[in-house]
Amino acid sequence: MPPAVKPFPLALAGIGLLAGWSLFVGVSDVSVGTLFGDGAADRAALVLLVSRLPRTLALILAGAAMAVSGLLLQILVRNRFVEPSTAGTAESAIFGMMMVSLLAPEAPVIGRMAATSVCALAGTGLFLAILRRVPLRSPLVVPLVGLMLGGVITALTEFVAYRHDLMQSVRAWEMGDFSAILLGRYELLWVSAALTGVAYLAADRFTVAGMGRDVATNLGIDHRKVMALGLVIVSMTTAAVIATCGMIPFLGLIVPNIVSLIRGDNMRGSLPWVALMGAGLVLACDIAGRLVIHPYEIPIGTMMGVIGSALFLYLLLRRNGHAG
Amino acid sequence: MIDVKNIKKSYNGTVVVDGVTLSLPAGGVISLIGANGAGKSTLLSIVSRLLPMSAGTVEIDGMDVTTTPGDVLARRLSILRQDNHIMSRLTVEDLVAFGRYPHSKGRLTGTDREHIAKALRYLDLEPLAGRFLDELSGGQRQRAFIAMVLCQDTEYILLDEPLNNLDVKHAVAMMKLFRRTADEFGKTVVLVLHDINFASCYSDRIVAMRDGRVVHQGPPEAIITPEVIRDVYGVEAQVMEAGGRRIALYYQ
Amino acid sequence: MPADRRLMSPPVVLGVLSALTLLSIALFMTLGARGKWDFVLAFRGTKVAAMVLVGYAVAVSTVLFQTITNNRILTPSVMGFDFLYRLIQTGLVFWFGSGLVASLDPRLRFGVEVASMVVFSGLLYWWLFNGAGRGDNRRSLHLLLLVGIVFGVLFRSLTNFLQRIIDPNAFLTVQDRLFANFNRVDGELLAVSALVVLAVSLAGWRWMRTFDVLALGRDTAINLGVDHRRVVMAVLVMVAVLVSVSTALVGPVTFFGLLVANLAYLVIRSHRHAVILPAAALIAILTLVGGQLILERVFGYNAALSIVIEFVGGLAFLFILVRGSSR
Numbered sequence: 001m002p003p004a005v006k007p008f009p010l011a012l013a014g015i016g017l018l019a020g021w022s023l024f025v026g027v028s029d030v031s032v033g034t035l036f037g038d039g040a041a042d043r044a045a046l047v048l049l050v051s052r053l054p055r056t057l058a059l060i061l062a063g064a065a066m067a068v069s070g071l072l073l074q075i076l077v078r079n080r081f082v083e084p085s086t087a088g089t090a091e092s093a094i095f096g097m098m099m100v101s102l103l104a105p106e107a108p109v110i111g112r113m114a115a116t117s118v119c120a121l122a123g124t125g126l127f128l129a130i131l132r133r134v135p136l137r138s139p140l141v142v143p144l145v146g147l148m149l150g151g152v153i154t155a156l157t158e159f160v161a162y163r164h165d166l167m168q169s170v171r172a173w174e175m176g177d178f179s180a181i182l183l184g185r186y187e188l189l190w191v192s193a194a195l196t197g198v199a200y201l202a203a204d205r206f207t208v209a210g211m212g213r214d215v216a217t218n219l220g221i222d223h224r225k226v227m228a229l230g231l232v233i234v235s236m237t238t239a240a241v242i243a244t245c246g247m248i249p250f251l252g253l254i255v256p257n258i259v260s261l262i263r264g265d266n267m268r269g270s271l272p273w274v275a276l277m278g279a280g281l282v283l284a285c286d287i288a289g290r291l292v293i294h295p296y297e298i299p300i301g302t303m304m305g306v307i308g309s310a311l312f313l314y315l316l317l318r319r320n321g322h323a324g
Numbered sequence: 001m002i003d004v005k006n007i008k009k010s011y012n013g014t015v016v017v018d019g020v021t022l023s024l025p026a027g028g029v030i031s032l033i034g035a036n037g038a039g040k041s042t043l044l045s046i047v048s049r050l051l052p053m054s055a056g057t058v059e060i061d062g063m064d065v066t067t068t069p070g071d072v073l074a075r076r077l078s079i080l081r082q083d084n085h086i087m088s089r090l091t092v093e094d095l096v097a098f099g100r101y102p103h104s105k106g107r108l109t110g111t112d113r114e115h116i117a118k119a120l121r122y123l124d125l126e127p128l129a130g131r132f133l134d135e136l137s138g139g140q141r142q143r144a145f146i147a148m149v150l151c152q153d154t155e156y157i158l159l160d161e162p163l164n165n166l167d168v169k170h171a172v173a174m175m176k177l178f179r180r181t182a183d184e185f186g187k188t189v190v191l192v193l194h195d196i197n198f199a200s201c202y203s204d205r206i207v208a209m210r211d212g213r214v215v216h217q218g219p220p221e222a223i224i225t226p227e228v229i230r231d232v233y234g235v236e237a238q239v240m241e242a243g244g245r246r247i248a249l250y251y252q
Numbered sequence: 001m002p003a004d005r006r007l008m009s010p011p012v013v014l015g016v017l018s019a020l021t022l023l024s025i026a027l028f029m030t031l032g033a034r035g036k037w038d039f040v041l042a043f044r045g046t047k048v049a050a051m052v053l054v055g056y057a058v059a060v061s062t063v064l065f066q067t068i069t070n071n072r073i074l075t076p077s078v079m080g081f082d083f084l085y086r087l088i089q090t091g092l093v094f095w096f097g098s099g100l101v102a103s104l105d106p107r108l109r110f111g112v113e114v115a116s117m118v119v120f121s122g123l124l125y126w127w128l129f130n131g132a133g134r135g136d137n138r139r140s141l142h143l144l145l146l147v148g149i150v151f152g153v154l155f156r157s158l159t160n161f162l163q164r165i166i167d168p169n170a171f172l173t174v175q176d177r178l179f180a181n182f183n184r185v186d187g188e189l190l191a192v193s194a195l196v197v198l199a200v201s202l203a204g205w206r207w208m209r210t211f212d213v214l215a216l217g218r219d220t221a222i223n224l225g226v227d228h229r230r231v232v233m234a235v236l237v238m239v240a241v242l243v244s245v246s247t248a249l250v251g252p253v254t255f256f257g258l259l260v261a262n263l264a265y266l267v268i269r270s271h272r273h274a275v276i277l278p279a280a281a282l283i284a285i286l287t288l289v290g291g292q293l294i295l296e297r298v299f300g301y302n303a304a305l306s307i308v309i310e311f312v313g314g315l316a317f318l319f320i321l322v323r324g325s326s327r
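Residue numbers (UniProt numbering), protein chains in the order written: chain A, 1 to 324; chain B, 1 to 252; chain C, 1 to 327.
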């Protein structure tokens, strides 16, 4: 086991650097010079405060929360290949968002968030119910079922959206993008940060629940309750992230897998790493997306789609190579 | 004649068949025996060109299996591996009829139909001819596949564990059928067998493999001995003579 | 159960399907027409022709792909081939510039796209099914499925990525001309596609009985004297061409092939490709024309057919997956 004390502050510092960089990348000229120089200082400070800082915070919060959601789902479903976008959670949340826009467009943020979370929870519950009916001969069936369920829910969403002219909003939720984040439009993510904190506090319980109902019961833990708590955390986090910046695909899948390769699966030890790496990966992807075709941007959904699916393929084929 | 010269096969550095040279004359029943992982099935697959070899050559009546066109070989040699899964919904009769494909390329002639009827009869499949394969038991399906291979009517018939899934009655009937195919029709039947007593009672010749090599070969009297069985399987056995046949008892 | 086999013998099923298909085409051409007949017929005729071609291409490519891979759940679309074609289309624009590609003769452009598609899908297939340290163990079906689906996501994301990198404004102007969908069909492309599909069908015709043998699995097919490698290669080329045709005409349709192929296996109680292939093609055409007819004329929705197909197809996929795993 590698020493856990030293690398963590180092990684933390790395994230700090990325976050600092993120503050200074964009169309408007924001740099130490403009901030403290004459003339454009006010404007630069305003851009920093209203746009760059919220965007950077949103990246960190969303990245950490989605990665931890993936870890939680993997432990609770006991399968390495699930995460909110391979378990029907994300697609159900988008369905919920659309239904709220359709039925109660004037609903307050809290109400939207609650309805969307309930939909995400219901979708994940449906996924688990289908899994219970499938004798799991292969662990790969689990993400397959999730992806297909997600596809069916997406088709349903798009059918309704198409009829009611909501396609554009649906596309925006499906494709993560941080370019529209401003002060006052990202604060929902603090909810997911709080939920990530709850997940950390209950980490041992989740680890035990992940060993299965029998082991959990033997150790005196109410498996149903822990399971329910975990699913609520995952659903609410996913809903908050999608409502704020749209879906970030595969993040929750690849980060926990990579951390698990390096650090193992004890959740109390691995969760901070998962959160940190999730934030770091999202920051890096977003910065890259802002730099590649400057002054245009590539949305993070596209960046993560490419990087995430390539890494997912690597994980799938590498694993098989070893198993022979 | 099946002429195997210095065959090697390895997967990612693991040697499975390690320099086998073997020549099997035409006619008779030949059994390949050996412990799990000795390389019997791999050797059989290489001889029947289902698997490429890493080194060496295989000739069937002088035809190199790697260069001879597949359809030419298919009229000379047939192979049945273990575990045959078929996704199409086929009846037993459909499957057996495919045995005639190398001869008539799917357009059945009168001769083909005779062969099909005969194969169904020999394997006791007439009552099942119209049933779908996925409605059959494992043993019935195994018999259907063997019927297909016999229907192919080739000089050489190679079968990997043909007794799998068969009860004692059908296993005995099957071995008798192979015997008859060799004796009456002059065919060469090569079998991978796990039950050494079946090998002893029905073979003209036994080839024993261990760790990818041929370690013993000869008539049953020479192979079914406590020494050879110890050498091949690492098991102590007692060999008895019953009705002119050698039976090994290894249930201590 | 011999009773139900006799009840609906393959020729009867084919007859019923043909009648239904013709009926739906006739209704589609004539129902609710307003204005001049020659204009209506020409306009709708193009649409029907596109649906017939796409249905045929998707059905035949799916059944043949399932025959060579020996399963009933992998399809070219599920393996990401549709999105690979889109990626190739976009890649050409990326490398040669939107101006040049848009000014090319559409037939030449289509030819280049199809040729690249044959090469890339061939490479991908061989790598997945034979390469990468597979040894003698076949990769598990579930792994192939998951890898295929994720490849689809990768190709789609890469396509988005390239489209963003290509000067976004310039790209928008050529997008409509390069990428078709169910509602806008390019007449010129249609004619080329029809010729290509005809050529592929004629080439495949003489292998009709070989396909039946291929469906028995690799080992059995080799035992029966089929040159497995060569035939599989040829089928792959045919599949790549057919997928190119359908994607070029109407864009990716992930689950359509899966749906029609499995419906064909369900209604045709025979292993013979000579009846399965026409049945699948007829079901595909019937689904497209009939579905469009109902959605367009009865419900008044215009472009929702592909969404409905994805919905029903996705459910079918889940059903096959759940049932298949429990067996």
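Note that beta-carbon positions come from the ideal geometry of N, C-alpha and C, so glycine has one too.
Computed from a predicted model, the values in this text were never measured in an experiment.
Where do the N-terminal and C-terminal ends of the beta strand (DSSP E) with residue i fall, by residue?
i	result
residue 18/B	14-24
residue 5/B	2-11
residue 216/B	213-218
residue 87/C	Run containing residue 87/C: none in the beta strand (DSSP E); it sits in the alpha helix (DSSP H), 81-96.
Would you tell me roughly how many angstroms separate the C-alpha atoms of residue i and residue j, rounded to the nearest one?
i	j	result
residue 323/A	residue 317/A	Bear in mind that a pLDDT of 35 at residue 323/A, under 50, signals an unreliable position, so the number given afterwards is only what the model happens to contain. Spanning the two alpha carbons is a distance of roughly 10 Å.
residue 134/C	residue 172/A	Low confidence applies to residue 134/C: its pLDDT is 42, below 50, so where it sits in the model is not reliable enough to give any reading.
residue 275/C	residue 264/C	9 Å
residue 245/B	residue 29/B	16 Å
residue 108/C	residue 305/A	32 Å
residue 384/C	residue 281/A	In the structure as shown, chain C begins at 1 and stops at 327. Residue 384/C is therefore absent and cannot be evaluated.
residue 243/A	residue 69/A	16 Å
residue 1/C	residue 74/B	Legend: pLDDT at residue 1/C = 39, less than 50; position of this residue unreliable, no value from coordinates given.
residue 2/A	residue 234/A	Confidence at residue 2/A is low in this model, with a pLDDT of 48, below 50, so the placement of that residue is unreliable and no value is reported for it.
residue 351/C	residue 221/A	Shown here, chain C extends from 1 to 327; a query on residue 351/C therefore has no answer.
residue 54/B	residue 231/B	27 Å
residue 137/C	residue 11/B	Residue placement at residue 137/C is flagged as unreliable, the pLDDT there being 45, under the threshold of 50; a coordinate-derived value is accordingly withheld.
residue 239/B	residue 247/B	6 Å
Identify the contact partners of residue i in chain C, using a Cβ-Cβ distance below 7 Å as the criterion.
i	result
residue 98/B	213, 216, 224
Whose Cβ in chain C lies nearer than 8 Å to the Cβ of residue i?
i	result
residue 159/A	304, 307, 308, 311
residue 148/A	314, 317, 318, 321
residue 113/B	Those do not exist, as residue 113/B stays about 17 Å from chain C at its closest Cβ, beyond 8 Å.
residue 143/A	146
If distances are taken between C-alpha atoms only, which option among the options comes closest to residue i?
i	options	result
residue 288/C	299/C, 297/C, 156/C, 309/C	309/C
residue 43/B	67/B, 101/B, 96/B, 3/B	3/B
residue 61/B	229/B, 26/B, 16/B, 165/B	26/B
residue 38/B	250/B, 233/B, 243/B	233/B
residue 276/A	218/A, 193/A, 99/A	193/A
residue 10/C	285/C, 56/C, 269/C	269/C
Check the Cβ of residue i against every Cβ in chain B and list those closer than 7 Å, keeping chain order.
i	result
residue 297/C	Neighbours of residue 297/C on chain B: none; closest Cβ ~37 Å, over 7 Å.
residue 220/C	84
Do residue j and residue i have their beta-carbon atoms positioned less than 9 Å apart in this structure?
i	j	result
residue 148/C	residue 78/C	yes
residue 36/B	residue 20/B	no
residue 166/B	residue 143/B	yes
residue 321/C	residue 148/A	yes
residue 231/A	residue 121/A	yes
residue 283/C	residue 59/C	yes
residue 232/C	residue 68/C	yes
For residue i, report the span of its alpha helix (DSSP H) as first-last.
i	result
residue 184/B	168-185
residue 284/C	273-293
Counting only Cβ pairs nearer than 8 Å, list the residues of chain A close to residue i.
i	result
residue 156/C	305
If the cut is a Cβ gap below 8 Å, which residues of chain B does residue i touch?
i	result
residue 262/C	Per Cβ cutoff of 8 Å: no residues; residue 262/C is ~11 Å from chain B at best.
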